[in-house]
Amino acid sequence: MNYVDGYLIPVKTARKQDYIDAAAAAAPLFIEHGAIRVVENWADDLTHGKVTDFFMAVKAEEDESVVFSWVEWPNKEARDAGNAALMADPRFAALMPDGVMIGPRMIFGGFSNLVDRGI
Numbered sequence: 001m002n003y004v005d006g007y008l009i010p011v012k013t014a015r016k017q018d019y020i021d022a023a024a025a026a027a028p029l030f031i032e033h034g035a036i037r038v039v040e041n042w043a044d045d046l047t048h049g050k051v052t053d054f055f056m057a058v059k060a061e062e063d064e065s066v067v068f069s070w071v072e073w074p075n076k077e078a079r080d081a082g083n084a085a086l087m088a089d090p091r092f093a094a095l096m097p098d099g100v101m102i103g104p105r106m107i108f109g110g111f112s113n114l115v116d117r118g119i
């Protein structure tokens with residue numbers, strides 16, 4: 001089964017198009033470095049919880065939205081090598097304009113598949 005990196009990212013709502021542009025430019029770099037799928041999703045139906053929620057998870061502020069993203073890799077080894085290559089790739093480092101996403105509040109991690117079914 002594939003390996004997945006998952007991300008929750010606070011993004012300035014007014015900078016949505018900047019985020020889309022950067023994410024669209026980054027996706028081919030992920031693929032070039034071994035990813036098999038890159039998915040970016042802008043929240044449009046989130047509720048505010050009493051104990052926790054997506055907004056609280058990233059400490060989103062009033063002028064921020066939440067992006068839910070994932071990158072699929074063939075396996076953890078390909079992910080580790082691909083992420084290392086991305087971090088060393090100057091094209092990747094230059095993609096995200098300052099002030100669009102709030103990196104210190106981004107949540108991310110790697111996940112092994114438990115169930116993967118389709119139609």
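Numbering (this note's numbering), first residue to last: 1 to 119.
Think of the CB as a built atom: it goes at the ideal place given N, C-alpha and C, for glycine as much as any other residue.
Selected residue, minimal CA-CA separation from E61, among A22, A78, A14 and P90:
Taking the sequence shown and counting its residues from 1, the one referred to as residue 61 is at position 61. Answer by Cα proximity: A14.
DSSP three-state label for M1, please.
Here residue 1 is taken as the residue at index 1 of the sequence shown, counted from 1. In the structure shown, M1 sits in coil (DSSP, three-state: anything other than H, G, I, E or B).
Quick check: what's the CA-CA separation for W73 versus M1?
Residue numbering aside, residue 73 sits at position 73 when the sequence shown is read from its first letter. Residue numbering aside, residue 1 sits at position 1 when the sequence shown is read from its first letter. Straight-line spacing of the CA atoms in W73 and M1 works out to 9 Å.
Any idea if H33 is buried or exposed, counting beta-carbon neighbours within 10 angstroms, 16 or more meaning buried?
What you label residue 33 is simply residue 33 of the sequence shown in a count that begins at 1. Label assigned to H33: buried.
Based on Cα-Cα distance, which residue from A23, E77, T52 and G109 lies nearest to V100?
Taking the first residue of the sequence shown as position 1, residue 100 is located at position 100. The option with the nearest alpha carbon to V100 is A23.
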